[in-house]
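Notes follow the structure.
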Amino acid sequence: MNFDKIPYFNMKIGLSMFSALAFDFIHPSARNIYMLHGRRLFTGKSGAGKKSKKYTRTLNLPKTQFPISLKDASTREKELQSLCRFGSLYEWQRRHNRGPEFILHDGPPYANGKPHVGHALNKDIVNRYHVMRGHRVHYVPGWDCHGLPIELKALQGKAHLKLTPLQIRDEAQKFAESAIEVQMEGFKRWGVMADWDKPYFTFNPQYEAAQIDIFSRLHEKTGTSDVYICEDSFAEKLATITGKDFKLIEKVQGSDLEGATYMHPLTNEELPFLPGGHVTANKGTGLRVLVDDNSCYTESAGSKLEGKPVQGEATENTVLECLGTSLLHREPFTHSYPYDWRTKLPVIIRTSRQWFIDTRALHDKAMKCLKSVKVVPSHLEARMESMLGARTYWCISRQRVWAIISHIGELIAKQGSGIWWSLPHEELLPQLLLDQGGHGECGNFEKGGDILDIWFDSGSSWAAVLARGQQADVYMEGTDQFGGWFQSSLLTSVALHDRAPYKSLVVHGFTMDEEGRKMSKSLGNVIDPDKVIHGGKDQKKEPGYGADVLRWWAAISNLQSISNIGSTTLDNIREELYGLRGTLRFLLGNVSCRNDGPVVEYGSLWPQDKLLLYRLYQYASKTRWLNLPTEWNNLDIEHIMQPALDIRDHLHDIINDEPSVEFDEFQQEKTSSFSPLCELLQTASTALTDEPLNVIPDNIQLVNGICNVHMKDGYLCPEKYVIILKDTDRYVCERCRRFTAEKAGTLCGRCLNVLSTGWD
Numbered sequence: 001m002n003f004d005k006i007p008y009f010n011m012k013i014g015l016s017m018f019s020a021l022a023f024d025f026i027h028p029s030a031r032n033i034y035m036l037h038g039r040r041l042f043t044g045k046s047g048a049g050k051k052s053k054k055y056t057r058t059l060n061l062p063k064t065q066f067p068i069s070l071k072d073a074s075t076r077e078k079e080l081q082s083l084c085r086f087g088s089l090y091e092w093q094r095r096h097n098r099g100p101e102f103i104l105h106d107g108p109p110y111a112n113g114k115p116h117v118g119h120a121l122n123k124d125i126v127n128r129y130h131v132m133r134g135h136r137v138h139y140v141p142g143w144d145c146h147g148l149p150i151e152l153k154a155l156q157g158k159a160h161l162k163l164t165p166l167q168i169r170d171e172a173q174k175f176a177e178s179a180i181e182v183q184m185e186g187f188k189r190w191g192v193m194a195d196w197d198k199p200y201f202t203f204n205p206q207y208e209a210a211q212i213d214i215f216s217r218l219h220e221k222t223g224t225s226d227v228y229i230c231e232d233s234f235a236e237k238l239a240t241i242t243g244k245d246f247k248l249i250e251k252v253q254g255s256d257l258e259g260a261t262y263m264h265p266l267t268n269e270e271l272p273f274l275p276g277g278h279v280t281a282n283k284g285t286g287l288r289v290l291v292d293d294n295s296c297y298t299e300s301a302g303s304k305l306e307g308k309p310v311q312g313e314a315t316e317n318t319v320l321e322c323l324g325t326s327l328l329h330r331e332p333f334t335h336s337y338p339y340d341w342r343t344k345l346p347v348i349i350r351t352s353r354q355w356f357i358d359t360r361a362l363h364d365k366a367m368k369c370l371k372s373v374k375v376v377p378s379h380l381e382a383r384m385e386s387m388l389g390a391r392t393y394w395c396i397s398r399q400r401v402w403a404i405i406s407h408i409g410e411l412i413a414k415q416g417s418g419i420w421w422s423l424p425h426e427e428l429l430p431q432l433l434l435d436q437g438g439h440g441e442c443g444n445f446e447k448g449g450d451i452l453d454i455w456f457d458s459g460s461s462w463a464a465v466l467a468r469g470q471q472a473d474v475y476m477e478g479t480d481q482f483g484g485w486f487q488s489s490l491l492t493s494v495a496l497h498d499r500a501p502y503k504s505l506v507v508h509g510f511t512m513d514e515e516g517r518k519m520s521k522s523l524g525n526v527i528d529p530d531k532v533i534h535g536g537k538d539q540k541k542e543p544g545y546g547a548d549v550l551r552w553w554a555a556i557s558n559l560q561s562i563s564n565i566g567s568t569t570l571d572n573i574r575e576e577l578y579g580l581r582g583t584l585r586f587l588l589g590n591v592s593c594r595n596d597g598p599v600v601e602y603g604s605l606w607p608q609d610k611l612l613l614y615r616l617y618q619y620a621s622k623t624r625w626l627n628l629p630t631e632w633n634n635l636d637i638e639h640i641m642q643p644a645l646d647i648r649d650h651l652h653d654i655i656n657d658e659p660s661v662e663f664d665e666f667q668q669e670k671t672s673s674f675s676p677l678c679e680l681l682q683t684a685s686t687a688l689t690d691e692p693l694n695v696i697p698d699n700i701q702l703v704n705g706i707c708n709v710h711m712k713d714g715y716l717c718p719e720k721y722v723i724i725l726k727d728t729d730r731y732v733c734e735r736c737r738r739f740t741a742e743k744a745g746t747l748c749g750r751c752l753n754v755l756s757t758g759w760d
C-alpha cells in the first residue's frame, strides 16, 4: 500500500479541538454477522464451541404475542374487529369525546353494484384522526339510489313484461337495496367507522320529502319562466301579446336566410328557415322532424315515413325515395354525433318541456360563498370556480320513472314518492286546496310525468342529513364532483340560505391500474377490493392481503390526482406493513415487563435518548395528543447529535437527520466499548485520537467523509473527518451477544456489572 497517497483529514470538534476517530468493528470476514433493521446481530461462534444458554434466565428479553406475520390476515382481522367492537366505536366516541363536533358529510356512493376499489379512498382516516383529537365525529353514511343505471340493471331480462311505472320503481328499489346491503358489509369489513344504524338513502320518504321541500321553496322564491327566442325588434310586441314581463337574456346574430322560406321535401309544406347558432358551415342541417316515444316518425314526416323507426337501412331507403329529385347528390359523410356509452347506439335527440334552474342568477352569490370555502389541495380552487362559471342553466327534470316526482311533499313524507302513480288525481290535488288558491277544477290539470335530476337528488342531501343551520366541516369526493355533487349541493344551499353547505372541500383523484389505465371490465384490469382482502380462488395468483393493506394503500394515495393499484403495489405495501409490524412488535415487547426500578433523570440520559425525547415532544406538539415535560423540548440536542449522525449515515446508510456538537458528549474515555458513541455507531469499541497514524497497517480501512457541524451563529459548517476501521481482537459476550469481552467464553464488563448486583 502506498501510504503517501492516502488522504488523512482531521475533523473539527466543537469550535477549537481537532481530532481523528479510530473505531474497532467486527468485520464480516472475521466474524459471521448479518444486518436487521440497522443493528448488527451476531451469529456463528463467539470464540469456540456452541452458543452458551446458561445466561438465558438472567435476560429481560422482549415478550409479546403480537404476530409479525401477515398470514391469515383476513381471519385475524375479523376476530380483532369482533373483539374490539369496531361496530360500536362510532357510538362510543359520540358519548365519550368532549371536544367540538366535526361533521364530514358523506357523498353518497351509487347503489348499483359491489363496492369498487375507488371507494377505499374513503373518509375513515380523516374521521379517526378527529376522534383521536377528542372531537365528536358526525358521519352518517348514505347511498344515491335513483337514476337510469339502477333502473336499467333492475330491468335486465324483464323488458318483455311491460311493467307499469309502480312495478318498475319497485324492481329498481329492490335492486338498490340489495346493492346497499353488499356495499355496507364491504365498508364495515374495511373497518370504516360510521353511524351504520342510521344511514340515509335517497329513496327514504323523509329524504324525498326534504328534497321536495327544497324544490317547493325554490319554486316559491324564484318562480318559473318560459324562454322565447325572437328577432330583436319583436321582443316588445311579443311581451304585449303574451302579457308577460320579459327579461333580456342574450342577443344573437340572425343568419342570411332569416325570413326566407323553403318547401319541405317530404310534405311539400312551405316553411321558414329559422336562425340557429347550432348550425354552422360544416355541422348540422337545422332541419328537424318530430318523433314519438318509440323513436318513430310522426305524421309530420309524411304518410310514407309515419310510424317507421328513425334508424335503420329500410327507413333510410324510404327517406331517399321520398326526397326524389330534391336530392342533388349523395355520398357518405363522417361527422361527430352523440352515442350512448352504455348501448353504443346513436342518441335520438328530441325536444321536450323541462324544468330549469337559472344558475346565472345564482352565480355571483355562489362565487361569493366559495370565497369562504377551503379547497384541499389548494391548487384545485380555480377548478370549482371555472366549472361554476361555465354553467348557465341546470335542467333538473328527467323523463324517467325511478326518482322523485316534483310535487306533494306531505304525502311523500308519509307514504313515499310512489303515491304519484298510485293515488287518484283527487287525492293528489284536493279540490279544497284548489279553491283556496282560486285555481279552478282538478280536471283542468294534467299530471306530469317528469322526475327530478339525480344531481338535484344527491345535491339535497345536506337538507336531509344535517340539522337546520348546520354546515358540514368537510365534503370529500373526487375531482369529477366539481361539476357534480359539490356544485349541485352548493347551488341548492346558496339558493335557499345564501351560503355553502360545507366549510371545506377535500378532493382526491382517480384510481387506475399500475400501467396508468382506467379500470375497465373489457380490459380485465378491475381490482375487486373483496379479492384484495380475502384473495381469489387461486390464492397463489390472487393472495388475500387483508383490510390493513387496502387501508394502507388508501392512506399513501393521499390526495394524488392518480392513485395506481395492482399486485406489485399491494406486494410492496405488504412488505412495508411487515416492517411496521416488526417495529410495533419490538416496541410492545419492550414495554411488556413491569419496571419498578428508579426513574432515570433527564440529565443522566444519553444524547441519543434526549434526541428521541425531543422529537417525540415536537410530534406531540403538532398532534396535541400528549402533554410532555418541557425539558424534553431541547433544540440543542439536535445540534449536538448532527456530526455523529452524519458519520453513522456514512457507515450504515440508515439515518438521515440534522444537527450536532462535541464528541465528549458521547464518550468521556479515550477508548470505550460501552459509550453512547459505540451505541450510536454500532461498533465493538471506539477510540478517539487527535493524532494521525504514522504507519497504516494493511489490515485497516480508511473512510473519509464530511459532516455538518452546527456553529454558534446558527449556520451549518461542513467539516472533513477520517475513520480508521479495523477488525476487533475482542470476543462476543456470551450473555448479551451485543458487547465484547477480552477473552472467549467470558462476559463483557456491562454484563459482569449487572450480574454482580444480585441477579441470580
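Residues 1 to 760 (full-length UniProt numbering) are what the sequence shown spells out, left to right. Every residue gets a Cβ at the ideal spot worked out from N, C-alpha and C, and that includes glycine.
CB contact flag (residue i, residue j, <8 Å)
i, j, result
"residue 761", "isoleucine 180", "Residue 761 is absent from the structure shown; the chain starts at 1 and stops at 760."
"tyrosine 200", "alanine 620", "no"
"serine 74", "glycine 566", "no"
"proline 529", "valine 182", "no"
"glycine 443", "serine 489", "no"
"asparagine 704", "cysteine 717", "no"
"leucine 550", "tryptophan 196", "no"
"alanine 684", "threonine 728", "yes"
"cysteine 322", "lysine 308", "no"
"threonine 261", "proline 108", "no"
"isoleucine 637", "proline 676", "no"
"tyrosine 502", "histidine 105", "yes"
"glycine 418", "leucine 166", "yes"
"leucine 266", "alanine 314", "no"
"leucine 680", "arginine 730", "no"
"leucine 577", "tryptophan 552", "yes"
"serine 493", "tryptophan 455", "no"
"phenylalanine 486", "methionine 367", "no"
"glutamate 515", "lysine 531", "no"
"isoleucine 125", "aspartate 473", "no"
"tryptophan 625", "methionine 132", "yes"
Anticipated Cβ contact below 8 Å, residue i with residue j, distance rounded
i, j, result
"isoleucine 212", "glycine 409", "4 Å"
"aspartate 358", "serine 397", "At roughly 14 Å, the Cβ-Cβ gap does not stay under 8 Å, so aspartate 358 and serine 397 are not in contact."
"valine 310", "serine 295", "5 Å"
"proline 346", "tyrosine 339", "6 Å"
"arginine 128", "arginine 94", "Arginine 128 to arginine 94, Cβ: 14 Å. No contact."
"lysine 726", "isoleucine 700", "4 Å"
DSSP beta-bridge partners of residue i
i, result
"tyrosine 297", "Val291"
"asparagine 708", "Pro718"
"threonine 746", "DSSP lists no partner for threonine 746."
"methionine 263", "Glu270"
"methionine 512", "Lys518 and Asn564"
"threonine 757", "According to DSSP, which records beta bridges pairwise, threonine 757 is partnered with nothing at all."
"lysine 244", "Paired residues: none, contrary to the question."
"valine 732", "Thr740"
"leucine 505", "Val375 and Tyr475"
"arginine 398", "Ile451"
"glycine 142", "Tyr200"
"threonine 58", "The partner list for threonine 58 (beta bridge, DSSP) is empty, contrary to what the question assumes."
Segment limits, beta strand (DSSP E) that includes residue i
i, result
"histidine 138", "136-138"
Where the alpha helix (DSSP H) through residue i begins and ends
i, result
"tryptophan 420", "419-422"
"tyrosine 619", "607-623"
"tryptophan 394", "Counting along the chain, tryptophan 394 falls outside any alpha helix (DSSP H), though it belongs to the beta strand (DSSP E) covering 393-395."
"valine 600", "Taken as a continuous stretch (DSSP letters only), valine 600 belongs to no alpha helix (DSSP H), as it is neither H nor E."
"leucine 490", "485-497"
"arginine 551", "547-557"
"glutamine 539", "No alpha helix (DSSP H) holds glutamine 539; DSSP gives it neither H nor E."
(message) Runs of 4 residues minimum, wholly inside the stretch 302-384: which ones carry the alpha helix (DSSP H) assignment?
(response) 313-323 and 360-370
(message) If we require 3 or more residues per run, which beta strand (DSSP E) segments fall completely within the stretch 65-132?
(response) 101-105
(request) Please specify which runs of the alpha helix (DSSP H), each continuous and at least 4 residues long, are wholly inside the stretch 568-596, giving them in chain order. (result) none
(request) At 3 residues or longer, and completely inside the stretch 428-482: list those beta strand (DSSP E) runs for me, N to C. (result) 472-478
(request) May I have a chain-ordered list of the beta strand (DSSP E) segments no shorter than 3 residues that lie completely inside the stretch 163-196? (result) none
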